[in-house]
Amino acid sequence: MKEVDPEEVKRILTRLKTVRGHIAGVERMIEEEKSCEEILLQLVAIRSAVHKTSVIIAQRYASSCLLDAIDSGEDRQEVLNNAIETLMKLNQ
0 MKEVDPEEVK
10 RILTRLKTVR
20 GHIAGVERMI
30 EEEKSCEEIL
40 LQLVAIRSAV
50 HKTSVIIAQR
60 YASSCLLDAI
70 DSGEDRQEVL
80 NNAIETLMKL
90 NQ
């Protein structure tokens with residue numbers, strides 16, 4: 000497997016920490032009986048942060064992990080089929 004870029008890891012972890020903060024915020028908002036609109040807006044922010052993180056990891060998967068699997072001798076068609084199936088789950 001190719002070396003992981005420390006900056007990329009930092010970006011991913013920063014985004015995940017942002018998600019964690021948003022989730023904690025939603026928990027507090029529910030406990031404080033904030034409006035549904037405010038809570039929904041925070042949930043939209045969470046979904047967006049998770050999506051952006053998924054895109055970063057999907058790019059890495061496509062550009063590195065997928066190629067590594069093929070280079071290591073795994074069946075090309077099986078690797079591609081698994082990649083397509085996995086990436087399609089991002090849109091569900």
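Under numbering that gives the first Met the number 0, think of the first position of the sequence shown as 0, with each following residue one higher.
Glycine included, every Cβ here is placed at the ideal spot set by N, Cα and C.
These numbers come from a predicted model, not from an experiment.
Whole-angstrom distance between residue j and residue i, CA atom to CA atom
i: I69; j: N80; result: 12 Å
i: R59; j: T13; result: 16 Å
i: E26; j: S63; result: 37 Å
i: I22; j: L86; result: 25 Å
i: K33; j: R46; result: 19 Å
i: T52; j: G24; result: 19 Å
i: M0; j: T17; result: For M0, the predicted structure reports a pLDDT of 45, less than 50, and the residue's modelled location is therefore unreliable. The matter cannot be settled from this model.
i: S71; j: A44; result: 39 Å
i: S91; j: E31; result: Looking at the sequence shown, residue 91 is not Ser but Gln. The straight-line gap from Cα to Cα measures roughly 32 Å.
i: R75; j: L39; result: 43 Å
i: E84; j: A61; result: 13 Å
i: E77; j: D4; result: 27 Å
Environment of residue i [buried if 16+ CB atoms lie within 10 Å]
i: H50; result: exposed
i: A48; result: buried
i: Q41; result: buried
Residue interval of the alpha helix (DSSP H) (run including residue i)
i: C35; result: C35 to R59
i: D4; result: Here D4 belongs to no alpha helix (DSSP H), and DSSP marks it neither H nor E.
i: D74; result: Neither: D74 is in no alpha helix (DSSP H) and is coded neither H nor E.
Beta-carbon spacing of residue i, residue j below 8 Å
i: L15; j: A57; result: no
i: A82; j: L65; result: yes
i: I55; j: R10; result: yes
i: M28; j: E37; result: yes
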